[in-house]
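Written below as structure tokens is the structure these notes are about.
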Amino acid sequence: MATIELQELTRRFGDVVALDSLELEVASGEFVSLLGPSGCGKTTALRIVAGFEWPDSGRVLVAGRDVLDLPANRRNMGMVFQAYSLFPNMTAQQNVEFGLRVRRRPKHDRSKRAAELLDLVGLAAQKDRYPRQLSGGQQQRVALARCLAIEPSVLLLDEPLSALDAKVRVQLREEVRRIQLELGITTLYVTHDQEEALSVSDRVAVMSSGRIEQIGSPAEIYGHPRTPFVASFVGTMNHLEATVVSSAAGKVRCGPAVLDVGLSAASHSDGDVVTMYVRPEHVHVVALAPGQDMPPELFEGKVTSLTFLGPVTRVGIASALGGLLADVSSSMALSLAIDSTVGVSIEAGSLRSLALT
Amino acid sequence: MTTPAVLADGLPGDVGRKRAAISRRGQARRGGRTRFPLWSWFWIGFAALYFLVPVFSLVQFSFGGTLANGRSAGFHWFLAVFDDPAFRSSFWLSAQIAFETVALSLLLMVPTVFWVHLRLPRLKPVMDFVSVLPFVVPPIVLVVGLEPFLQNFTWLYSRPEVLPFIYVVFALPFLYRSIDAGLRAIDLRTLSEAASNLGASTFGALARVVLPNLRSAVIGGSLLTFAIAMGEYTIASLLLFNTFPVYIFYIGQGPAAHEATALSVISLLLTWIAMAALFVIGRGGRETAQLGVTK
Ligand SMILES: Nc1ncnc2c1ncn2[C@@H]1O[C@H](COP(=O)(O)OP(=O)(O)OP(=O)(O)O)[C@@H](O)[C@H]1O
Ligand SMILES: [Mg+2]
């Protein structure tokens, strides 16, 4: 299988800089997602790799070879499009065979390969259906089988699931991942759905304004965001304004409280104002019995909102540290009421300034 | 000879709109079925009479009259027409010209419209404008303008093969509109990108993916083009070619009135066959489209 390297890719559309010196390396057999908000250049990057768009400058290497001078039909890449792209005049089977027919493979090879691939995507029984007789999810499966039929060097997917409903989306993304692992094919997957990116990728590249803000494993991206953009784009994050009290000891003051950041704050000097980040699941809430005093290790907070999210309930809290969101188990949340006073603590080591991680 | 005028009513673009209007009306009628049935029937009957009486008289007359031997004519006039070598030569000439016009128009328009849709969408308004020009410029103006130009090509000018090159202009609106409508109905960009991603060349994508999906649009536009080329009178007669319409006019001028009406019936039949074909193709297209919506 092949590696993909994007080197200093820049693409402008008039005043819009769609790609700004984009750098990305995808290892052989790796599944990398490009994750970012609408308009950040994900599609543009993918289309440049596929040969439907050209950069103003930069290089695209696939398996070490510059592919920019090859037309799209000579690049041997598989692409699944966001819009339904099956040929309406052909059955599922004929769609899958298309690439092989173009390559003049003998009929018997073609139908054997098409049957294998339709089987792989679980649509063997629907091989004689026309696209209009298939559901959206089935159409995208056939589209996947169709581009795998040509044994592409890399697989490119541009939000292939965005037109499907939530349940099918989850099911199909797992299937895409299963097939990708089975074939070991290098895959570049574009999405703006963070859950999708985090759940199926080897690595996630978070993009913003034509650049990659951070690339890393899903756990790294979620647990150790390196820029404010990644911190606020991926998952939910609490932001706390704080002042560095002791950079040597890693202590900051936040409101009335002095918090132990637990990490060296060497890159800051005492007195610097920093933003601290903490995920809602690392903020703990304790309901107080009536008349009970606030334990000294907790901060006082007041419940301002309760949002039921299934297994957890997201609690909005006004505290001396500022506004906080905390995820508590929904059964525990039953004992909370709006405007009730609660004790709040922040899990040791979970509070970080981006520069400290 | 007003074949084109009759057919102009059946522009594919219009057909779709009309059909939509008809089905809307159908629904409305289902809602208030008993409102004015009498008046509707009256007007339908009136319109039918208005159209059908002349046609009926024409057909009757073409079978009418008595022969020298005292028997009624029956198919005599038709047979007489078919027997006339001038009929056969003019008919085949027109058919040949019509085929050439269709071929030339398709060669010219399909790749052009495809390219404009895919690569030069900004030119679409220009194309829309250019495509209606033949409606605005009367044939007589066109031929007066063309004549001095064509005289530069004497080898072509004196031969009927020049006509397809002129008729292409008349066919332009019909063919352009129907191909344009056909292309709008598919996601051209995604389909052709998918095809080229799978290894097809631009031509391969056009031939294997785009054209098959434009089948009904192309056939519909071609039939209209064929009918126009088959029925065009002004230019052929001004340039002194003996095409089918010119022949009909010539017979009509002479004393053989029955033969002339038999000829008219023949040309009406041709037109109706073309219309019926259009209708059948159009319906096929609609069924596919409806199925396409059902997921
Ligand atoms: N053909 C084009 N002409 C002009 N501007 C373009 C073109 N293609 C993309 N752009 C612009 O480039 C930027 C990046 O577009 P791109 O489609 O790559 O975004 P994206 O990350 O895929 O967004 P989305 O999630 O909405 O699909 C956008 O601002 C877009 O408006
Ligand atoms: Mg996009």
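Protein chains in written order, with the numbering used here: chain L, 891 to 1247; chain Y, 6 to 300. For every residue, glycine included, the Cβ atom is placed at its ideal position computed from N, Cα and C.
**OP:** Pick helix, strand or coil for L:Arg-1019, following the three-state DSSP scheme.
**Re:** coil
Original post:
Is the closest heavy atom of ligand 2 to the C-beta of L:Glu-1086 under 7 Å?
Top reply: no
Original post:
How would you list, in chain order, the residues of chain L whose beta-carbon sits under 9 Å from the beta-carbon of Y:Leu-211?
Top reply: Simply none; closest approach about 13 Å.
Subject >> Nearest residue (CA-CA) to L:Ala-1216, options L:Val-1134, L:Thr-1126, L:Ser-1137 >> reply: When only C-alpha atoms are compared, the closest one is L:Thr-1126.
Original post:
Are the C-beta of L:Gly-989 and some C-beta of chain Y separated by less than 8 Å?
Top reply: yes
Subject >> Test: Y:Glu-264 CB closer than 8 Å to a CB of chain L >> reply: no
**OP:** Compute the Euclidean distance between the alpha carbons of L:Val-1151 and L:Ala-1053, then round it to the nearest angstrom.
**Re:** 43 Å
**OP:** Any chance you could list the beta strand (DSSP E) runs of at least 3 consecutive residues sitting entirely within the stretch 1092-1160 of chain L, in chain order?
**Re:** 1093-1098, 1101-1106, 1128-1136, 1141-1144, 1147-1150
Subject >> Contact belief for L:Ser-1220 with L:Val-1193 at Cβ below 8 Å, rounded distance in angstroms >> reply: That pair is no contact at about 14 Å.
**OP:** Check each residue of the stretch 211-225 of chain Y: if its Cβ is closer than 7 Å to any Cβ of chain L, include it; give the result in chain order.
**Re:** For the stretch 211-225 of chain Y, which is checked against every Cβ of chain L, the residues closer than 7 Å are Val-214, Pro-217, Asn-218.
Subject >> Neighbourhood of Y:Asn-247 by C-beta, 6 Å cutoff - its chain only, sequence neighbours within 5 removed >> reply: Ser-95
Original post:
Does any C-beta atom of chain L lie closer than 8 Å to the C-beta of Y:Asn-202?
Top reply: At least one C-beta of chain L is nearer than 8 Å to the C-beta of Y:Asn-202.
**OP:** Could you work out which residue in Y:Val-285, Y:Asp-133, Y:Asn-202 is closest to L:Arg-993 when comparing CA atoms only?
**Re:** The option with the nearest alpha carbon to L:Arg-993 is Y:Asn-202.
Original post:
So is L:Ala-1155 in contact with chain Y if we call contact Cβ pairs under 8 Å?
Top reply: Per-residue confidence for L:Ala-1155 stands at a pLDDT of 48, beneath the threshold of 50, marking its modelled position as unreliable; the derived number appears in the next sentence. Not one chain Y Cβ lies under 8 Å of L:Ala-1155.
Original post:
Can the beta-carbon of L:His-1129 be found closer than 8 Å to that of L:Leu-925?
Top reply: no
Original post:
From L:Val-1058, L:Thr-1197, L:Leu-1178, L:Ser-918, pick the residue whose C-alpha is nearest to that of L:Gly-1233; which is it?
Top reply: L:Leu-1178
Subject >> Length-filtered (3 minimum) beta strand (DSSP E) runs lying within the stretch 994-1053 of chain L >> reply: 1044-1048
Original post:
Since L:Thr-1076 and L:Gly-919 are thought to touch, with beta carbons under 8 Å apart, how far apart are those beta carbons, to the nearest angstrom?
Top reply: L:Thr-1076 to L:Gly-919, Cβ: 6 Å. Contact.
Original post:
Y:Asp-133 lies in the alpha helix (DSSP H); which residues open and close that run?
Top reply: 129-141
Subject >> Between the CA atoms of Y:Phe-66 and Y:Ala-241 - distance to the nearest angstrom >> reply: If I take the Cα positions, the gap works out to 28 Å.
Original post:
Does at least one heavy atom of ligand 1 sit under 7 Å from the Cβ of L:Ala-908?
Top reply: yes
**OP:** Kindly provide the ranges of any alpha helix (DSSP H) runs that are 4 or more residues long and lie completely inside the stretch 186-256 of chain Y, ordered along the chain.
**Re:** 193-202, 207-210, 220-236, 239-243
Original post:
How should Y:Thr-260 be labelled, buried or exposed, when 16 other C-beta atoms within 10 angstroms of its C-beta is the threshold for buried?
Top reply: Note that residue 260 of chain Y is Pro in the sequence shown, not Thr. Burial call: exposed.
Original post:
Hey, which unbroken runs of the beta strand (DSSP E) at 3 residues or more fall wholly within the stretch 1153-1240 of chain L?
Top reply: 1163-1168, 1173-1177, 1189-1198, 1202-1209, 1212-1219, 1231-1236
Subject >> Bridge partner(s) assigned by DSSP for L:Phe-921 >> reply: L:Thr-1077
Original post:
Exposed or buried, Y:Gly-79, counting other C-beta atoms within 10 Å across all chains shown (16 or more means buried)?
Top reply: exposed
Original post:
Taking the continuous beta strand (DSSP E) assigned at L:Gln-983, which residues delimit it?
Top reply: Unbroken run through L:Gln-983 is the alpha helix (DSSP H), 982-992; no beta strand (DSSP E).
Original post:
If the cut is a Cβ gap below 9 Å, which residues of chain Y does L:Ala-892 touch?
Top reply: Chain Y residues near L:Ala-892: none, gap ~16 Å exceeds 9 Å.
Original post:
If you draw a straight line from the C-alpha of Y:Ser-45 to the C-alpha of Y:Arg-220, how long is it?
Top reply: 37 Å
Subject >> Cβ distance (whole Å) where L:Val-986 is taken to contact L:Arg-1036 below 8 Å >> reply: 5 Å
Original post:
Would L:Cys-930 count as contacting chain Y if we go by Cβ distances under 8 Å?
Top reply: Under the Cβ criterion of 8 Å, L:Cys-930 is not counted among the residues facing chain Y.
Original post:
When every heavy atom of ligand 1 is checked, does at least one fall within less than 7 Å of the C-beta of Y:Ser-269?
Top reply: no
Original post:
So what does DSSP say about L:Glu-943, is it helix, strand or coil?
Top reply: coil
**OP:** Kindly indicate the opening and closing residues of the beta strand (DSSP E) around L:Glu-913.
**Re:** DSSP places L:Glu-913 in the uninterrupted beta strand (DSSP E) bounded by 906-916.
Original post:
Alpha carbon to alpha carbon, how far is L:Leu-1010 from Y:Arg-194?
Top reply: 28 Å
Original post:
So L:Val-1120 packs on L:Val-1148, CB below 8 Å; how close in whole Å?
Top reply: Contact between L:Val-1120 and L:Val-1148 is ruled out by a C-beta separation of about 27 Å, above the 8 Å threshold.
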